[in-house]
Amino acid sequence: MKARLQKILGYVIATVAVLLVWAALSLLIGNPALPLPTVALLQLYHKLPDMLPHLAVSLWRVLLAMSIGTLCGSIAGLIIGRTGRLDLIAAPLLYVLYPIPKIVFVPVLLVLLGLGSAPAIVLIATVIFFQTLVTARDAAKSLSPDLVLSVRSLGASRIDIARHVVVPATLPNIFTALRISTGTAIAVLFITESIAGNTGIGFYVVNAWGRIDYPTMFAGIIAMAMMGVALYEVINFVERRLVRWKD
Amino acid sequence: MTVSQHQHKVSSDCAALKLRAVGLTYRSAQKETRALDGFSLEVACGEPIAIIGPSGCGKTSLLNLIAGLRAPTTGEVIVRGQTVTKPRQQTSLILQDYGLLPWKTVLDNAALGLVVQKVSRSAARAQAQEALRTVGIEDFAAAYPGELSGGMRQRLALARAMALQTDLMLMDEPLSALDALTREELQNVLLDLWQNAAYAQVLVTHSVEEAVLLGKRIVLMTPRPGKVRAIIDNPAMGSRAYRQSATFHQQCTLLRQLLLESASDTDAPDDKAEESVQK
Ligand SMILES: Nc1ncnc2c1ncn2[C@@H]1O[C@H](COP(=O)(O)OP(=O)(O)O)[C@@H](O)[C@H]1O
Ligand SMILES: [Mg+2]
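First to last, the protein sequences are chains H and E. Last residue of the first sequence? That's 247 in the working numbering, and every number before it is there in order. Last residue of the second sequence? That's 526 in the working numbering, and every number before it is there in order.
Okay, here's the thing in structure tokens:
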């Protein structure tokens, strides 16, 4: 309970600090392109009904994409990390592909998949896929051989080892990877939504910008930040459920 | 108190373990390592054996072979009349780091062997609970191994084996990470468990006292490639009080002497044992 209060207090202090700096900058610059936070917040209050469908679409896209990416990335990473021969081929390939900024594929994906949700989902899933793949592989490789031997001596099959040893051992690393990539996921979401289509919070922000409606644009940015916090907390919540032994 | 230089004849009819001229060579791209060569030993049902030998002589490898985690390059490993080809339910292996899973509770760790054997979850937990009671840590069933002391982790590893109704207990220097007091306490636990459950036991140790306290026979190994160098009969073992007896101290002295002899004997051939053959 105390920890939760502290956390909320932390968020409050951080928010106030951001708003104060923002207000100071706004007053200093004195340009309508950076309105006061009060103006943006008021606008958020007025435009929320308009904004909600866009937010919902974005949240759905990013959640689905992150789930798919994590699931596929973790499974592939664990298999590669635990299969010596496969790793010999897969590891170099992985380290060639991993550093490529996946965002460069936006044009190709737009041509291939159209302007709907598909490009954003595929792109975010790909980013998350590589992030969790690399993490899961490294974690699975660094597993103590003695631990695996001990459990094997109990008559455990490969599936048992995966279920009782490999997956739980690597789960904390996978969650860390996921948390780190939340920011990237939202950035990719914003870019794809702002380039193509007419749905999503990224589109909403860029559209406001095009209309030179800065208060609405910043209202959208605030909404996006809140979406990021929500995602982060969802990840923390799931982690607390699944990784109880590490507190 | 006799020292037999050759294979000891086990009087009992029932053989828990037969090692027939077992050899093991590790092969990798660069080199071959002969870990064991012509290791022969019979262990009767319910008999506790202690193995002692220089480091790197193949003790851990030997236990892995008996546990069915590796196949011998030559020779044969037979447990209760069956050639070992894969891990066997009632053979328990306890390694130095105990092999506990930090993400499972004490109870679930104790139940792991049963769960893997597809015993129903409730039955597994009941049996595991019983095993925890046997080793005296039932009050910590809901804790995680990370919250236990070294001695308690060792007890948990024993409980996991006990839950499987083990009839062959293999232990690789299980007490070496414990402080002196806990170590003595755990030696007593091992003694009690063995007396109550009457499993055959192969205990690898580098402590002379531990070998004499817990081994009805003590097998002294040669340097790598390991085989039986000598077997010391130690029939008086079997109670905690043995520790205080004159016989105990004589046996310790004898064993220590043999260890020293074998160390000096093998000074020269030791280098040749580094058989890293270029392929
Ligand atoms: N998995 C392995 N691959 C290659 N060589 C190994 C492996 N395990 C052990 N060895 C080698 O085999 C020899 C015996 O090792 P081990 O059985 O661990 O000895 P001990 O337990 O008596 O110290 C050592 O030289 C060791 O380096
Ligand atoms: Mg060893």
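Quick reminder that beta carbons are idealized off the backbone N, C-alpha and C, glycines included. Being a predicted model, the structure only gives us computed values, none of them experimental.
Touch check for the stretch 6-23 of chain H and the stretch 73-86 of chain H: three-plus C-beta pairs under 8 Å?
With the cut-off at 8 Å, the stretch 6-23 of chain H and the stretch 73-86 of chain H do not touch.
Suppose contacts are defined by Cβ-Cβ distances below 8 Å. Is E:MET416 in contact with E:ALA410 by that definition?
No, they are not a contact pair.
Would a check of beta-carbon distances place H:GLY84 closer than 8 Å to chain E?
No, H:GLY84 lies away from the interface with chain E (no Cβ there is under 8 Å from its Cβ).
Considering only heavy atoms of ligand 1 and the C-beta of each residue, which residues fall inside 5 Å, strictly closer?
Those residues are E:TYR273, E:THR280, E:ALA282, E:SER302, E:GLY303, E:CYS304, E:GLY305, E:LYS306, E:THR307, E:SER308, given in chain order.
Straight-line CA distance for E:SER258 to E:GLU456?
Note that E:SER258 scores 43 on pLDDT, short of 50, meaning its location in the model is unreliable and no value can be drawn from it.
Under 7 Å between beta-carbons, which chain H residues line up against E:ALA314? List them in chain order, please.
Under the 7 Å cutoff, chain H gives SER153.
Can you find the residues in the same chain that come closer than 8 Å, C-beta to C-beta, to H:VAL151, ignoring five residues on each side of it along the sequence?
Answer for H:VAL151: ASP160, ILE161, HIS164, VAL165, listed in chain order.
Look up H:ILE100 in the DSSP assignment and say whether it is helix, strand or coil.
Correct three-state label for H:ILE100: coil.
Using DSSP's beta-bridge definition, name the partner residues of E:TYR273.
According to DSSP, E:TYR273 bridges with E:THR280.
Classify E:ASP518 as helix, strand or coil using the three-state DSSP reduction.
Annotation note: pLDDT 45 at E:ASP518 (below 50); position unreliable, coordinate value reported separately. DSSP places E:ASP518 in helix when its eight states are reduced to three.
Using beta-carbon positions only, say whether E:VAL269 and E:LEU312 come within less than 8 Å of one another.
Contact: yes.
My assumption, with CB atoms under 8 Å, is that H:ARG61 sits in contact with H:LEU189. Please give the rounded CB distance.
H:ARG61 to H:LEU189, Cβ: 6 Å. Contact.
Once you ignore the five residues that flank E:ARG490 on each side, which residues in its own chain have a CB closer than 7 Å to its CB?
Hits under 7 Å: LEU460.
Along the stretch 331-349 of chain E, what residues have a CB closer than 9 Å to any CB found in chain H?
Answer set for the stretch 331-349 of chain E: LYS333, PRO334, ARG335, GLN336, THR338, SER339, LEU340, ILE341, LEU342, GLN343, ASP344, TYR345, GLY346, LEU347, LEU348, PRO349.
Show which residues of chain H have a CB atom less than 7 Å away from the CB atom of E:GLN364.
Ordered by position in chain H, the residues that pass the 7 Å Cβ test against E:GLN364 are GLY155.
Is any beta-carbon of chain E found at less than 8 Å from that of H:ASP160?
Judged by the 8 Å Cβ criterion, H:ASP160 is in contact with chain E.
As an exercise, report each continuous alpha helix (DSSP H) stretch of at least 4 residues that is fully enclosed by the stretch 284-342 of chain E, in chain order.
As far as the stretch 284-342 of chain E is concerned, its whole alpha helix (DSSP H) runs of at least 4 residues are 306-313.
Return yes when the C-beta of E:ASP419 is under 7 Å from any heavy atom of ligand 2, and no when it is not.
Correct: E:ASP419 has its Cβ closer than 7 Å to ligand 2.
From what residue to what residue does the beta strand (DSSP E) around E:LEU417 run?
415-419 is the extent of the beta strand (DSSP E) around E:LEU417.
Listed in chain order, which residues of the stretch 195-222 of chain H have Cβ atoms closer than 7 Å to some Cβ of chain E?
If the cut-off is 7 Å between Cβ atoms, the stretch 195-222 of chain H has nothing near chain E.
Step through the CB atoms of chain H and report whether any lies within less than 8 Å of the CB of E:PRO516.
In this predicted model, E:PRO516 has a pLDDT of only 48, less than 50, meaning its place in the structure is not dependable; the value taken from the coordinates is given anyway. Closer than 8 Å: no.
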